[in-house]
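Chains as they are written, first to last, in the numbering used here: chain B, 19 to 193; chain V, 21 to 124. The C-beta atom is built at its ideal place from N, Cα and C for all residues, glycine as well. Note that the coordinates shown come from a computational prediction; the quantities given were computed from them, not determined experimentally. A quick write-up on the structure given underneath.
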Amino acid sequence: MSASAIIFYLIAAFILGAGILAVTTRKIFRSAIWLLFSLVGIAALYFWMQVEFIAAVQIIVYVGGIVILIIFSIFLTQQSGKEMAKPALQKNIFSALAALFGVAFIGKLISEYGFTEDQSKPFNVGVGDIGTQMLSTTEHGYILPFEVVSMLLLAAMIGCIVIAMKSKDNIISKS
Amino acid sequence: MSGVPLTHILYLSTALFFIGMYGLFTRRNMITMLMSIELMLNSVNINFVAFNKYLYPEKLDGIFFTLFIITIAAAEAAVAIAIIINLYRSHNSIDVEDAAEMKF
Chain B
19 MSASAIIFYL
29 IAAFILGAGI
39 LAVTTRKIFR
49 SAIWLLFSLV
59 GIAALYFWMQ
69 VEFIAAVQII
79 VYVGGIVILI
89 IFSIFLTQQS
99 GKEMAKPALQ
109 KNIFSALAAL
119 FGVAFIGKLI
129 SEYGFTEDQS
139 KPFNVGVGDI
149 GTQMLSTTEH
159 GYILPFEVVS
169 MLLLAAMIGC
179 IVIAMKSKDN
189 IISKS
Chain V
21 MSGVPLTHIL
31 YLSTALFFIG
41 MYGLFTRRNM
51 ITMLMSIELM
61 LNSVNINFVA
71 FNKYLYPEKL
81 DGIFFTLFII
91 TIAAAEAAVA
101 IAIIINLYRS
111 HNSIDVEDAA
121 EMKF
């Protein structure tokens, strides 16, 4: 086993361990921190696969954005030291069974499919190549989804402000 | 990559997806359910990058799909948290069992 393979299995164990703790721990703040570790592990996996740009985006957007947003909303909505209620035993057992069945089923499908890996060409993703193809208007360019996603982000931003805004008569009645 | 076949990366992402699904089934708190959904979206991203790297190394399409999924996940998380905060204001709780007005 080469050093690269050992690093992969270490990263995989880290991601899965942090993920399991994130969904099973009963303190919500710890759950958010374990999610953070899991996402950092996934960024490490991207570094291992040599897609440095995606790894950087993963760290900036998930670790720097979404997890911080989640932690803020935890602080806004509840006492973080309080333990959450245990799920009912029956629900716990059946959820675990469903997840295990899914892992076994998909794992068997993957092991029997027989992928033909193409190792002949090197895989190098420069940021320049990504930018050129993303904004190209020719065939295989991604300019249309890029514009659509920017409209989606704008709509989501305005929607968030409208949803979370306090209405005026609400403020007046409180004061 | 030397030594690690594609199937092992796919096993990792499968396990991560079903960990997220288990969390979605057992949790009753909306913020933790949102976290489980983030785990599932991340496992899908790993799949896209791995397929791109191992099966079509001369193309970049998997990278673009990953970028768009990350963008949409960010928008989704922002809207979900706005809804959660609004719900907390009206119900004083973010437990899914407490928000049952639209239940048939």
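- With contacts defined as CB atoms closer than 9 angstroms, Phe38(V) and Val64(V) fail to qualify as a contacting pair.
- Contact annotation: Asn112(V) and Ile181(B) have beta-carbon atoms that are not nearer than 9 angstroms.
- According to the DSSP secondary-structure assignment, Lys45(B) is paired through a beta bridge with Glu101(B).
- Cβ proximity to chain V below 9 angstroms picks out Tyr80, Gly83, Ile84, Val85, Leu87, Ile88, Phe90, Ser91, Ile92, Leu94, Thr95, Gln96 from the segment 80-96 of chain B.
- In the DSSP assignment, Asp115(V) forms a beta bridge with Asn49(V).
- Remark: C-beta atoms of Thr27(V) and Ile124(B) do not approach each other more closely than 9 angstroms.
- At least 9 angstroms separates the beta-carbon of Asp147(B) from that of Leu75(V).
- The shortest CA-to-CA distance from Tyr27(B) to any of Phe55(B), Ile38(B), Leu63(B) is the one to Leu63(B).
- Contact annotation: Gly82(V) and Ser56(V) have beta-carbon atoms that are not nearer than 9 angstroms.
- Straight across, the Cα-Cα distance linking Arg48(V) with Ala174(B) is about 25 angstroms.
- Looking only at Ala36(B), Thr42(B), Tyr131(B), the smallest Cα-Cα distance to Phe55(B) is reached by Ala36(B).
- By the Cβ rule, the segment 81-93 of chain B does not count as touching the segment 29-43 of chain B, because fewer than three pairs are nearer than 8 angstroms.
- Contact annotation: Lys100(B) and Ile51(B) have beta-carbon atoms that are not nearer than 9 angstroms.
- Taking a 10 Å sphere around the C-beta of Ser22(B), we find fewer than 16 other C-beta atoms and assign the residue as exposed.
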